[in-house]
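Residue numbers (the working numbering), protein chains in the order written: chain R, 1 to 294; chain E, 1 to 289.
A virtual CB, placed ideally from N, CA and C, is assigned to each residue, including glycine.
The block underneath contains the structure these notes are about, expressed in structure tokens.
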Amino acid sequence: MTPPDTDTQAEPKEQSQMSSAGGSPAEQADEAPNLAEMGVREGAGHAINVKGLHAYYGNTHAVKGIDITFPANEVTAIIGPSGCGKSTMVRCINRMHEEIPGARAEGSVSLDDLDIYGSGIDVTSVRRMIGMVFQKPNPFPTMSIFDNVAAGLRLTGTKSDNLRERVHKSLRAVGLWGEVKSRLNEPGIGLSGGQQQRLCIARTVAVEPEVILMDEPCSALDPIATLRVEELIDELKSRYTIVIVTHNMQQAARVADSTVFMLDGEVVEHAPTNDIFTHPKDERTERYVTGKFG
Amino acid sequence: MSDIGIAAISPARRRKDRLMRGMLIGGTVIALIPLVLIIYYLLLKGLGSLTGSFFTSDPTGSFFGPPGGIRSAIFGTLEIVALASLISIPIGIGVALYLTEYGNESTFANVVRYFVDVMTGVPSIVFGLFIYIVLVLSGIGGSFTGWKGSIAISLLMLPIVVRSAEVVLLLVPGALREAALALGAPRWRVVTRVVLPTALPGLITGSLLAIARGMGETAPLLFTVATANALTFNLGSQMNTLPTQIFQDITSPRNAIVSRAWGAALTLVAIILILNLIARAIARRSRLA
Numbered sequence: 001m002t003p004p005d006t007d008t009q010a011e012p013k014e015q016s017q018m019s020s021a022g023g024s025p026a027e028q029a030d031e032a033p034n035l036a037e038m039g040v041r042e043g044a045g046h047a048i049n050v051k052g053l054h055a056y057y058g059n060t061h062a063v064k065g066i067d068i069t070f071p072a073n074e075v076t077a078i079i080g081p082s083g084c085g086k087s088t089m090v091r092c093i094n095r096m097h098e099e100i101p102g103a104r105a106e107g108s109v110s111l112d113d114l115d116i117y118g119s120g121i122d123v124t125s126v127r128r129m130i131g132m133v134f135q136k137p138n139p140f141p142t143m144s145i146f147d148n149v150a151a152g153l154r155l156t157g158t159k160s161d162n163l164r165e166r167v168h169k170s171l172r173a174v175g176l177w178g179e180v181k182s183r184l185n186e187p188g189i190g191l192s193g194g195q196q197q198r199l200c201i202a203r204t205v206a207v208e209p210e211v212i213l214m215d216e217p218c219s220a221l222d223p224i225a226t227l228r229v230e231e232l233i234d235e236l237k238s239r240y241t242i243v244i245v246t247h248n249m250q251q252a253a254r255v256a257d258s259t260v261f262m263l264d265g266e267v268v269e270h271a272p273t274n275d276i277f278t279h280p281k282d283e284r285t286e287r288y289v290t291g292k293f294g
Numbered sequence: 001m002s003d004i005g006i007a008a009i010s011p012a013r014r015r016k017d018r019l020m021r022g023m024l025i026g027g028t029v030i031a032l033i034p035l036v037l038i039i040y041y042l043l044l045k046g047l048g049s050l051t052g053s054f055f056t057s058d059p060t061g062s063f064f065g066p067p068g069g070i071r072s073a074i075f076g077t078l079e080i081v082a083l084a085s086l087i088s089i090p091i092g093i094g095v096a097l098y099l100t101e102y103g104n105e106s107t108f109a110n111v112v113r114y115f116v117d118v119m120t121g122v123p124s125i126v127f128g129l130f131i132y133i134v135l136v137l138s139g140i141g142g143s144f145t146g147w148k149g150s151i152a153i154s155l156l157m158l159p160i161v162v163r164s165a166e167v168v169l170l171l172v173p174g175a176l177r178e179a180a181l182a183l184g185a186p187r188w189r190v191v192t193r194v195v196l197p198t199a200l201p202g203l204i205t206g207s208l209l210a211i212a213r214g215m216g217e218t219a220p221l222l223f224t225v226a227t228a229n230a231l232t233f234n235l236g237s238q239m240n241t242l243p244t245q246i247f248q249d250i251t252s253p254r255n256a257i258v259s260r261a262w263g264a265a266l267t268l269v270a271i272i273l274i275l276n277l278i279a280r281a282i283a284r285r286s287r288l289a
């Protein structure tokens with residue numbers, strides 16, 4: 001571990017205190033939802049419950065009735081062959097799915113007891129609570145490293161008295177501080193691919209969400225950068241509930257507490273990661289994890 | 001040749017290749033001839049009249065005395081096109097934003113796209129006629145005025161701005177919009193903080209090209225602004241402009257006045273060339289492919 005990362009160890013506590021207090025000036029400033037009133041439990045961990053979820057692209061039925069629970073403060077990996085609906089399902093969790101023209105979702109997704117598809121729910125507040133990291137690093141090209149991390153706060157209209165602090169803290173949390181502290185004003189796209197992806201994670205973390213969704217976050221990264229991001233996921237899970245879609249089964253095995261195997265829009269098996277890879281109950285899971293198809 | 005079956009290029013194919021290349025180069029040269037000639041004649045005929053007083057004096061309007069320069073025409077063109085830009089660029093970028101960020105593939109958006117395309121092909125004199133009938137004949141705010149010319153020019157610039165802006169906005173990667181939306185940003189902030197800044201250089205380039213196009217138009221000005229000789233900064237009066245100055249001068253039987261037309265033409269081309277160079281310089285700094 002490099003010296004900047006040692007700070008990280010001390011931070012989970014601070015961070016969780018901050019979000020559990022629910023009264024930081026930032027949250028009050030911009031009509032932040034009162035989570036407790038809405039059915040989301042106080043405290044650090046929040047679970048996601050998916051019930052009877054169907055998702056469509058036009059006439060294509062991509063997710064066909066999924067019931068699943070993502071436990072609080074755990075990393076859940078979703079594996080399965082291309083086109084099995086993994087990404088679609090994850091994009092339904094923070095309602096990004098509906099941004100695609102012609103796409104729609106049915107069923108319910110709740111954060112603790114709050115139905116995020118409920119009527120009167122502001123989709124922007126859902127996304128603020130449930131952050132997302134994408135497959136390809138996508139820092140904003142017009143913004144500096146600092147501004148990229150601050151972007152989430154500025155884009156949501158969050159008035160933060162300690163913006164600088166929150167940005168620095170987020171950069172430390174993703175282990176990027178040591179690498180970029182001397183050039184915070186340089187463009188974010190000047191960083192390497194792995195650094196860009198950690199920058200994007202810092203951007204997500206800076207908004208202080210409750211859940212982080214990761215859609216194949218390492219598929220565009222080299223093995224060393226991948227390893228760094230995986231370490232990061234392990235550190236982040238004390239504060240966040242993490243759902244990670246991955247094509248890489250070794251990655252699932254390395255980072256996930258439990259693993260979901262999906263096929264043709266359905267969940268085939270959801271079990272502790274160790275069980276999925278050592279003695280899966282379903283034959284299809286076994287065939288997939290042993291590389292016989294996929 | 002060896003027996004693996006890779007044949008040499010046959011002489012017939014070489015001949016055909018040479019012929020086709022020759023035709024393409026020939027076509028390019030033919031296309032270049034008028035361009036080169038235009039610039040040659042502009043310099044040949046126009047350079048002579050570019051004296052110091054050419055840019056600092058107004059046309060006298062008298063047939064026999066000294067003809068005067070083109071100061072009022074340069075300022076008139078700049079004023080009219082500036083107002084036209086103020087009208088057409090914000091509206092045009094607004095329409096393009098609607099098309100890319102909100103309308104997408106909806107029927108209404110496609111109808112708008114279709115009409116924008118049709119407007120691109122409308123001859124400029126038709127815009128002039130339209131404003132003549134609607135604003136000049138009706139006598140709103142005087143008969144012939146600068147601002148009516150601005151409106152006619154802005155109608156002409158509008159589809160160019162919309163089309164160029166739409167292309168540039170579509171180049172902004174969807175991943176950036178997704179990233180911003182996934183952070184919990186409302187759509188208007190995604191547009192103002194992410195999409196517009198990313199597309200800015202391209203938007204400026206497209207707008208400058210529309211301005212350059214608007215500057216050279218004569219027809220919409222002929223019966224909306226009419227002509228004047230004196231320098232004025234009042235867009236509510238008749239004004240002089242470079243295209244109408246050229247239009248009037250070139251038919252004069254007097255050589256001094258004809259050569260003023262060439263000088264004005266050279267000036268107009270120079271202004272447009274400079275705008276294009278600025279547009280290209282900005283486009284090169286763009287972060288979009």
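| Query | Result |
| --- | --- |
| Proximity test, Cβ basis, 8 Å: residue 87 of chain R and chain E | no |
| Proximal residues to residue 252 of chain E (C-beta, below 7 Å), its chain only, five neighbours per side dropped | 258 |
| Pair within 8 Å by beta-carbon distance, residue 239 of chain E and residue 80 of chain E | yes |
| Within-8 Å CB hit, residue 236 of chain R to chain E | no |
| Secondary structure of residue 174 of chain R, DSSP reduced to three states | coil |
| Residue from E:35, E:280, E:132 whose Cα sits closest to the Cα of residue 225 of chain E | E:132 |
| Burial state of residue 94 of chain R, where buried means 16 or more other Cβ atoms lie within 10 Å | buried |
| Distance CB(residue 154 of chain E)-CB(residue 87 of chain E) smaller than 8 Å | yes |
| Proximity below 8 Å, CB of residue 172 of chain E to CB of residue 93 of chain E | no |
| Beta carbon proximity, residue 290 of chain R to chain E, threshold 8 Å | no |
| Helix, strand or coil at residue 117 of chain E [DSSP, three-state] | helix |
| Neighbouring residues, chain R, relative to residue 194 of chain E (Cβ below 7 Å) | 140 |
| Short-range partners of chain E found in the stretch 145–160 of chain R, where Cβ spacing is below 8 Å | 151, 152, 154, 155, 156, 157 |
| CB contact check: residue 21 of chain R to chain E, cutoff 8 Å | With a pLDDT of 39 at residue 21 of chain R, under the threshold of 50, the modelled position of this residue cannot be trusted; read the value that follows with caution. Not closer than 8 Å to any Cβ of chain E, the Cβ of residue 21 of chain R fails to qualify, so no. |
| Buried or exposed by the 16-neighbour rule on C-beta atoms within 10 Å, applied to residue 114 of chain E | exposed |
| Any chain R beta carbon closer than 8 Å to residue 184 of chain E | yes |
| Contact set between residue 176 of chain E and chain R, taken where Cβ atoms lie within less than 8 Å | 138, 140, 141 |
| Cβ of residue 214 of chain R within 8 Å of any chain E Cβ | no |
| Residue interval of the alpha helix (DSSP H) (run including residue 146 of chain R) | 145–155 |
| Assigned secondary structure, residue 127 of chain R (DSSP; H/G/I helix, E/B strand, else coil) | helix |
| Simplified DSSP assignment, three categories, for residue 261 of chain R | strand |
| Residues that residue 70 of chain R bridges to, as DSSP identifies them | R:48 |
| Backbone secondary structure at residue 45 of chain E - three-state DSSP | helix |
| When E:279, E:264, E:276, E:272 are compared against residue 70 of chain E, the one with the closest alpha-carbon | E:264 |
| Coil, strand or helix - residue 187 of chain R by DSSP | strand |
| Beta-carbon gap between residue 201 of chain R and residue 133 of chain R smaller than 8 Å | yes |
| Within 8 Å, strictly: CB atoms of residue 282 of chain R and residue 266 of chain R | no |
| For residue 213 of chain R and residue 243 of chain R, believed in contact at Cβ under 8 Å, the rounded distance | 5 Å |
| Rounded straight-line distance, which links the Cα of residue 218 of chain R to that of residue 276 of chain E | 43 Å |
| beta-carbon residue 189 of chain E near the ligand ATP non-hydrogen atom, thresh 7 Å | The ligand ATP is not part of this structure, which contains no ligands at all. |
| Inter-residue Cα distance where the pair is residue 144 of chain E and residue 128 of chain E | 12 Å |
| Three or more C-beta pairs below 8 Å linking the stretch 189–208 of chain R and the stretch 223–240 of chain R | yes |
| Buried versus exposed call for residue 102 of chain E [16 or more other C-beta atoms within 10 Å across all chains shown] | exposed |
| Own chain residues within Cβ distance below 7 Å of residue 186 of chain R, not counting five before or after | 144, 145 |
| Cβ of residue 249 of chain R within 8 Å of any chain E Cβ | no |
| Interface flag, residue 70 of chain R vs chain E, CB-CB below 8 Å | no |
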